[in-house]
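Novice:
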Amino acid sequence: MHALLTAAAIAYVLSSAGAIAHLYLRRDVFLQASTALLPIGILLQLVWIGESWIRLGHFPVYNLPETVTVLSCILAGVYLGFGFYIRMPVLGVFSTTLTAVLSLVASVRPTTPPVADVKVFKSFWVFFHVVSVFVGEAFFALACGIGIMYLIQESGIKNKQRGFFFSRMPSLEALDSSGYACIVVGFTLLTVGLVTGFVYAKMTWGHFLSWDPKEVWSVITWILYAVLIHERLAVGWRGRKSAIMAIVGFGVVLFTFLGVNFLLEGHHGGFTRF
Amino acid sequence: MIDIVVLGLNHKTADISIRECLAFSPVQTEDALDRFRSVDVMDEVVMLSTCNRVELILASHDPDAATDAARRCLSEWKAVEIERFASALYNHRNDEAVRHVFRVASSLDSMVVGEPQILGQLKHAYRLATEKKTSGVVLNRLMHRAFSVAKRVRTETGIGDHAVSISYAAIELAKKIFGSLEGKNVLLIGAGEMAELAVEHLIRNRCGDIRVANRTLKRAMELAQRFQGQAVGLEEISESLVRADIVISSTGASGLVVTRDQVRAVMRPRRNKPIFFIDIAVPRDIDPEIHKLPNAYVYDIDDLQGVVDENIQDRQKEAQKAERIIDEAVIQFRSWMESLEAVPTIVSIRQKIEAIADAEMQKTFHQQPHWTEADRQAVQRMTQALINKMLHEPTQYLRRNGAMGNLPAQLDVVRKLFHLDPE
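From first to last, the protein sequence lines are chains A and B.
Take 313 as the starting number for the first sequence in the numbering used here and just add one per residue.
Take 477 as the starting number for the second sequence in the numbering used here and just add one per residue.
(1) Tell me where the beta strand (DSSP E) around Leu-524/B begins and ends.
(2) Can you grab the Cα-Cα spacing for the pair Ala-671/B / Phe-753/B, in whole Å?
(3) Give me the residue from His-868/B, Ala-564/B and Arg-695/B with the minimum Cα distance to Val-530/B.
(4) Find out if the Cβ-Cβ distance for the pair Ala-535/B, Val-521/B is shorter than 9 Å.
(5) Go ahead and pull the three-state DSSP assignment for Phe-752/B.
(6) Determine the contact status of Ile-478/B and Asp-519/B, defining contact as a CB-CB distance below 9 Å.
(7) Ignoring anything shorter than 3 residues, give me the beta strand (DSSP E) runs that lie fully in the stretch 523-572 of chain B, in order along the chain.
(8) Under 9 Å, Cβ to Cβ, is there at least one residue of chain A near Arg-628/B?
(9) Assuming contact is defined by CB atoms lying nearer than 9 Å, are Arg-560/B and Cys-497/B in contact in what I supplied?
(10) Excluding the 5 residues flanking Ile-766/B on each side, which residues of the same chain have their C-beta closer than 6 Å to its C-beta?
(11) Can you name, in chain order, every residue of its own chain whose Cβ lies under 6 Å from the Cβ of Thr-408/A, other than the five neighbours on each side?
(12) Would you mind stating whether Leu-887/B and Leu-874/B have Cβ atoms separated by less than 9 Å?
(13) Within 9 Å (strictly less), CB to CB, does Phe-841/B reach chain A?
(14) Please list, in chain order, the chain A residues whose beta carbon lies closer than 9 Å to that of Asp-761/B.
(15) Counting only beta-carbon separations shorter than 9 Å, does Ile-460/A have a partner in chain B?
(16) Is Arg-736/B close to chain A? Criterion is C-beta to C-beta, closer than 9 Å.
(17) Could you tell me the alpha carbon to alpha carbon distance between Leu-931/B and Glu-712/B, rounded to whole angstroms?
(18) For chain A, find out if any of its Cβ atoms is closer than 9 Å to the Cβ of Glu-786/B; answer yes or no.
(19) Who are the neighbours of Asp-636/B on chain A, taking C-beta pairs under 8 Å?
(20) Check Thr-584/A in the structure and name its three-state DSSP category.
(21) Since Asp-790/B is in the alpha helix (DSSP H), which residue starts that stretch and which ends it?
(22) If contacts are defined as beta-carbon pairs under 8 Å, then Phe-451/A and Cys-494/A qualify, I think. What distance do you get, rounded to the angstrom?
(23) Using three-state DSSP, classify Arg-687/B as helix, strand or coil.
(24) Which residue marks the beginning of the alpha helix (DSSP H) containing Asp-761/B, and which one marks its end?
(25) What does the alpha-carbon distance come out to for the pair Arg-585/A and Ala-321/A?
(26) Give a yes or no on whether the minimum CB-CB distance between Val-547/A and chain B is below 9 Å.
(27) Taking the continuous beta strand (DSSP E) assigned at Trp-349/A, which residues delimit it?
(28) Flag this pair as touching only if the stretch 465-483 of chain A and the stretch 562-574 of chain A have three or more C-beta atom pairs under 8 Å; answer yes or no.
(29) How many angstroms separate the CA atom of Asp-763/B from the CA atom of Leu-595/B?
(30) What does the alpha-carbon distance come out to for the pair Arg-747/B and Gly-561/A?
(31) My guess is that Tyr-391/A and Trp-437/A are in contact by the Cβ rule of under 8 Å, so how many angstroms apart are they, rounded?
(32) Should the stretch 456-467 of chain A be regarded as contacting the stretch 411-418 of chain A, the criterion being three or more beta carbon pairs within less than 8 Å?
(33) How long is the line joining the alpha carbons of Leu-349/A and Gln-792/B, rounded to whole angstroms?
(34) How long is the line joining the alpha carbons of Ile-825/B and Ala-833/B, rounded to whole angstroms?
(35) With burial defined as no fewer than 16 other Cβ atoms inside 10 Å of the residue's Cβ, what is the status of Asn-375/A: buried or exposed?
(36) Starting from Ala-772/B, follow its DSSP beta bridges and name the residues at the other end.
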């Protein structure tokens, strides 16, 4: 079944190559190929997830290859759905490449059989908790990509040097508003994910918060995005500042997702075990 | 043998005084086409007349006579002596003529390279020719090829990508900041001519409210009325900045009209919405320091000129790519033209039929392994005789007709009938 992950990774890598080729050569075929490859990768990963779920008896988010597979699948799906909606082909370069990297990580590491207590996983709460957090994180990833695009486009206009990207990138307003939309959606889902996590923690361990580093950092992420949204609504924080915040925010998301597990200990630690 | 001829003059070969003498209105073009139809040596005619060019595209079996006749017609029609414009005329034949038509259609021969109007004008000219039935097989094909080449040039090169006038460059930049300009509020400070042009572009993009601020309120009111906007005094600028998205300034003032502090103060009530200043005044009206404020952008006349110069260079680079596309198309067209002669068509029909017969014979030989060599030769002889007999009349017909006019049309049908040009 591991071949499925490899095939999915190949599809994503090709999709990413297509997006990059489209950026340079501006031929529509590359974009079409890139977009067509995404659902193939998603489908392959879904089959793998379904198969693992049946084989293991729980949603496969126990170790790093599993979580990364689920995350890349969700990221590809979110980009496919949302990217189609906002029509920003350049965003594909960022999101397909990120998807490709994640899926490669998942495909080069063989899955290790679960050793710890898997009873905790056999609840639907886990599924909702993980999926809503991951979909939220996928939207934050898109917001980060859009933020990078904003900074590139804005610096071109500010320096009065319209280079390679000027005609390829959408307008500042379009970037700003779609970036903000991503953050709002991501924030909402992160909130739902955290709440379901707390409720499930209460049911399993008897307390909402056990000061596990991952929990703490998730709360920090949540606060960061809450501040960003609040400032925008209250004083109209937008443009460059907002773009930088979206990039920083995603950095914190990545740290929460990976860094915490490598650097700190906690009951979420197992999810990134090799 | 049919030749394609382009006879004409354009902005490069003739100045305006000659072009205006020879320009044809659409109605005059129709009359001229009616008249050309009665000239025997001109088999097919398309006439293109724009403010930058007057061109006759001809297909003729006697190109020299056709050229003379066309020249005479132009002179009589417009009552201008031939000597006055003869030196300005260019006279392209065959490949050169085809290339010229493709270049005109792709806007490589235009005064502003890459401008899109010419293709529409050429299409219109062709429509008139088809209505007047002066266009036939050769020019139909040429025109359709020209339109598809022009389309290829437009999609595969960036020739029409960027703005090449100041006011248009400003609009393009505004679109990169705001996306759609629909509903964006405009503040016009001063009333220069270039500013008016920019506002007209904005109105075409359905911008929102327009406010006009001017030193003399009377002029402001005149302009405001023209653009259906609102006139304000210069002292109301600060207040107007709160709502404005695009500010176009072109006063004759010697000092700054909008200062950095003024803009900084309005950013908060604006909730940091982006604001774009287009400063086309010399000396400048808008403090260049404003450009350093977040979400505020200032472009002055030099910046915009820089954009335009860069775009013109880009277009020239893209034009080279376009020339390669055209070279390719000219070669394709030449091979089609050559196929319109009788002999190559006769040869290709024969080859096609012989190939079919050969394939069928091989199949039959396989199914009849007991046939002797003599049997096989007999069948081969019979097949060859059949082909010769069956092709005899069509071959004679095509050969005879070679000297009888309208051969291209017939050859075209024959080639389609036998499917000799798979596309």
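Note that CB positions come from ideal geometry on N, CA and C, so glycine has one too.
Specialist: Reading off the structure:
(1) 520-525 is the span of the beta strand (DSSP E), which, as asked, contains Leu-524/B.
(2) Computed Cα separation, rounded: 12 Å.
(3) When only C-alpha atoms are compared, the closest one is Ala-564/B.
(4) Yes, these two residues count as a Cβ contact at 9 Å.
(5) Under the three-state reduction of DSSP output, Phe-752/B falls in the strand class.
(6) The Cβ-Cβ distance between Ile-478/B and Asp-519/B falls below 9 Å.
(7) The stretch 523-572 of chain B contains these whole beta strand (DSSP E) runs: 529-536 and 566-569.
(8) No, because no Cβ of chain A sits closer than 9 Å to the Cβ of Arg-628/B.
(9) Yes, the Cβ-Cβ distance between Arg-560/B and Cys-497/B is below 9 Å.
(10) Correct list, in chain order: Arg-736, Val-739, Ala-772 and Val-774.
(11) Ser-327, Ser-328 and Ala-331.
(12) Yes, the Cβ-Cβ distance between Leu-887/B and Leu-874/B is below 9 Å.
(13) False, the Cβ-Cβ gap to chain A never drops below 9 Å.
(14) In chain order: nothing, as chain A lies at least about 18 Å away.
(15) Contact of Ile-460/A with chain B is not assigned, every C-beta pair being separated by 9 Å or more.
(16) Taking Cβ atoms only, chain A never reaches closer than 9 Å to Arg-736/B, which makes this a no.
(17) The displayed coordinates of chain B run from 477 to 899. Any statement about residue 931/B would go beyond what the structure contains.
(18) Yes, contact with chain A.
(19) Reading the sequence as shown, one finds Gly at residue 636/B and not Asp. Under the 8 Å cutoff, chain A gives no residues; its nearest Cβ is about 12 Å from Gly-636/B.
(20) Unreliable positioning characterises Thr-584/A in this predicted model, as indicated by a pLDDT of 44, which lies under 50. The coordinate reading is nonetheless provided below. Three-state result, Thr-584/A: helix.
(21) Per DSSP, the unbroken alpha helix (DSSP H) holding Asp-790/B starts and ends at 777-815.
(22) Correct: roughly 5 Å between the Cβ atoms.
(23) In the structure shown, the three-state DSSP call for Arg-687/B is strand.
(24) Where Asp-761/B is concerned, there is no enclosing alpha helix (DSSP H), given that its DSSP letter is neither H nor E.
(25) Because Arg-585/A carries a pLDDT of 44, less than 50, the predicted location of this residue cannot be relied on, and no value is offered for it.
(26) Yes, because at least one Cβ of chain B sits closer than 9 Å to the Cβ of Val-547/A.
(27) Just to set this straight, residue 349/A is Leu in the shown sequence, not Trp. That residue, Leu-349/A, is in no beta strand (DSSP E); its alpha helix (DSSP H) goes 340-368.
(28) Flag = no, the stretch 465-483 of chain A and the stretch 562-574 of chain A do not touch.
(29) Roughly 43 Å between the two C-alpha positions.
(30) Rounded to the nearest angstrom, the two C-alpha atoms are 22 Å apart.
(31) Wrong, their Cβ atoms sit about 27 Å apart, outside the cutoff.
(32) Too few Cβ pairs lie closer than 8 Å, so no.
(33) In this model, Leu-349/A and Gln-792/B are separated by some 37 Å (Cα to Cα).
(34) Cα-Cα distance, rounded: 12 Å.
(35) With 16 or more other Cβ atoms within 10 Å, it is buried.
(36) Checking the DSSP bridge columns, you'll see Ala-772/B partnered with Ile-751/B.
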